[in-house]
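**Q** Below: one structure in structure tokens.
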Amino acid sequence: MAQKTMIQAITDALAHELERDPNVLIFGEDVGKNGGVFRATQDLQDKFGEDRVFNTPLAESGIGGLAIGLALEGYRPVPEIQFLGFIFEVMDSVVAQAARTRYRMSGTRTMPITFRAPFGGGVHTPELHSDNLEGLLAQSPGIKVVIPSNPYDAKGLMIASIRDNDPVIFLEHMKLYRSFREEVPDEEYIVPIGKASVPVEGTDVSVITYGAMVREAMKVAEKLAKENISVEVVDLRTVSPLDLDTILASVKKTGRVVVVQEAQRQAGIGAMVMAEIAERAVLHLEAPIGRVAAPDTIFPFGQAEHDWLPNANDIEEKVREVYNF
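Mapped onto the working numbering, the consecutive letters of the sequence shown carry residue numbers 4 to 328.
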């Protein structure tokens with residue numbers, strides 16, 4: 004089994020689906036011969052042809068409209084939004100059209116689109132290239148929002164997303180693209196959408212998070228284990244819909260919770276997780292729920308990025324506070 008980065012795992016998944024289903028089409032800005040900004044689609048046009056993997060004009064609204072039209076004609080489009088901050092240009096297609104089609108047409112038509120988009124901080128991108136907008140997208144019923152934290156999950160979740168009959172927003176954290184490798188099977192496999200994982204089991208405090216913050220939480224769990232503080236890490240993997248069964252099982256097991264998100268504190272995924280726990284499992288809590296998030300400001304320029312982003316130190320401090328309550 005080969006050791007692969009997350010970007011290689013994503014490319015593998017795209018190649019498998021292009022090979023398996025002739026209705027899968029990949030398009031976006033520079034995804035053809037150039038292989039995309041991060042080379043996620045590298046060599047796919049050479050292998051599958053310009054009719055299956057092709058460039059579009061620099062116009063996200065056009066990419067969204069094209070995806071919807073193709074999906075209605077029986078294709079499985081996989082459009083790339085070059086950076087998530089540009090999703091605003093295509094929000095009408097995503098939220099007002101794709102998300103509503105199944106309901107609007109009484110279940111007679113589906114909308115099997117997988118919108119891919121890089122996002123997340125820590126790589127010093129210009130303004131609008133790093134924004135964490137997953138909370139905004141997760142607020143829209145009819146859309147599934149997937150955020151892998153490692154190469155194995157990225158491949159399995161990408162294949163599951165492309166085969167899903169509803170629109171999926173597949174968010175790829177830029178810092179994770181090439182930051183580490185792990186074993187990824189060469190053959191195809193599926194990681195189910197809507198199912199969280201528990202990469203680190205523990206008994207004292209649950210840290211519930213997703214994306215790049217999973218890696219930070221795992222560092223904390225490893226460090227605190229040396230002090231006999233047992234931290235359980237829950238990786239949501241899909242932030243809409245949430246896997247409440249796994250979340251609540253962890254809460255009932257440990258009785259103490261810290262919710263972590265890279266995005267700004269206001270609203271968002273962390274707030275939703277905290278509300279569900281408060282509503283469904285408050286009597287199992289031994290301490291107030293802790294939260295780690297970015298400040299409620301615009302995502303900063305690169306010079307201030309590391310001061311702004313949550314990190315392992317922030318998580319450790321909050322875990323100790325909740326543990327010692």
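All C-beta atoms in this analysis are idealised placements derived from N, C-alpha and C, irrespective of residue type, glycine included. Since we're looking at a predicted model, the values are computed, not measured.
Using only CA atoms, which one of Glu175, Val262, Ser253 and Val187 lies nearest to Ala278?
**A** Within the sequence shown, residue 278 is the residue found at index 275, counting from 1. Measuring from the Cα of Ala278, the nearest candidate turns out to be Val262.
**Q** Can you give the Cα-Cα distance for Glu319 and Val34, rounded to whole angstroms?
**A** Taking the first residue of the sequence shown as position 1, residue 319 is located at position 316. Taking the first residue of the sequence shown as position 1, residue 34 is located at position 31. About 40 angstroms.
**Q** Tell me the DSSP secondary structure of Arg2 in three-state form.
**A** Nothing in the structure corresponds to residue 2, since the chain is present only between 4 and 328.
**Q** Buried or exposed: Lys229, going by 16 or more other Cβ atoms within 10 Å of its Cβ?
**A** For the purposes of this step, residue 229 is identified with residue 226 of the sequence shown, where counting begins at 1. Exposed, by the Cβ-count rule.
**Q** Starting from Lys158 and walking both ways along the beta strand (DSSP E), at which residues does that stretch end?
**A** Your numbering for residue 158 matches position 155 in the sequence shown. From DSSP, Lys158 is part of no beta strand (DSSP E) but of the alpha helix (DSSP H) over Pro154 to Arg166.
**Q** Cβ atoms of Asp238 and Ser152: under 7 angstroms apart, would you say?
**A** The residue given as residue 152 occupies position 149 in the sequence shown. The residue given as residue 238 occupies position 235 in the sequence shown. In this structure, Asp238 lies closer than 7 angstroms to Ser152 by Cβ.
**Q** At the level of alpha carbons, what is the spacing between Phe183 and Gly77?
**A** Along the sequence shown, read from residue 1 onward, the residue named residue 183 stands at position 180. Along the sequence shown, read from residue 1 onward, the residue named residue 77 stands at position 74. Cα to Cα, the separation comes out at about 37 angstroms.
**Q** For a test of the three-state rule: what should DSSP assign to Arg42, helix, strand or coil?
**A** Here the question's residue 42 lines up with position 39 in the sequence shown. Coil, per DSSP.
**Q** Gln48 lies in the alpha helix (DSSP H); which residues open and close that run?
**A** Translated into positions along the sequence shown, residue 48 becomes position 45. Leu47 to Phe51 is the extent of the alpha helix (DSSP H) around Gln48.
**Q** On the DSSP letters alone, give me the boundaries of the beta strand (DSSP E) that Ile172 sits inside.
**A** Within the sequence shown, numbered from 1, the residue matching residue 172 stands at position 169. Element bounds for Ile172: Val171 to His176.
**Q** Could you pull the start and end residues of the alpha helix (DSSP H) that Ser253 belongs to?
**A** As a working note, residue 253 is residue 250 in the sequence shown. Here the alpha helix (DSSP H) through Ser253 covers Leu247 to Thr257.
**Q** Tell whether a beta-carbon distance below 7 angstroms holds between Val148 and Val242.
**A** Counting from one through the sequence shown, the residue named residue 148 turns up at place 145. Counting from one through the sequence shown, the residue named residue 242 turns up at place 239. Against a cut-off of 7 angstroms, the Cβ pair of Val242 and Val148 comes out as a contact.
**Q** In this structure, how does DSSP classify Ala220 when only helix, strand and coil are distinguished?
**A** Here residue 220 is taken as the residue at index 217 of the sequence shown, counted from 1. Helix.
**Q** Using the Cα positions of Leu305 and Met108, report the straight-line distance between them to the nearest angstrom.
**A** Residue mapping note: residue 305 aligns to position 302 of the sequence shown, counting from 1. Residue mapping note: residue 108 aligns to position 105 of the sequence shown, counting from 1. One point to set straight first is that residue 305 is Gly, not Leu, in the sequence displayed. Roughly 45 angstroms separates the two Cα atoms.
**Q** Buried or exposed for Pro80, going by 16 or more other Cβ atoms inside 10 Å?
**A** One-based indexing of the sequence shown puts residue 80 at position 77. Label assigned to Pro80: buried.
**Q** Under 7 angstroms, do Ala157 and Ala12 count as touching if we go by C-beta distance?
**A** The count along the sequence shown starts at 1 and reaches residue 157 at position 154. The count along the sequence shown starts at 1 and reaches residue 12 at position 9. Yes, Cβ-Cβ distance for Ala157 and Ala12 is below 7 angstroms.
**Q** At 3 residues or longer, what runs of the beta strand (DSSP E) sit wholly inside the region 40-119?
**A** Runs of the beta strand (DSSP E) inside the region 40-119: 56-58 and 79-83.
**Q** Rounding to the nearest angstrom, what Cα-Cα distance links Lys321 and Ala220 in this structure?
**A** Position 318 of the sequence shown, counted from the start, is the residue given in the question as residue 321. Position 217 of the sequence shown, counted from the start, is the residue given in the question as residue 220. Rounded to whole angstroms, Lys321 to Ala220 spans 11 angstroms at the Cα level.
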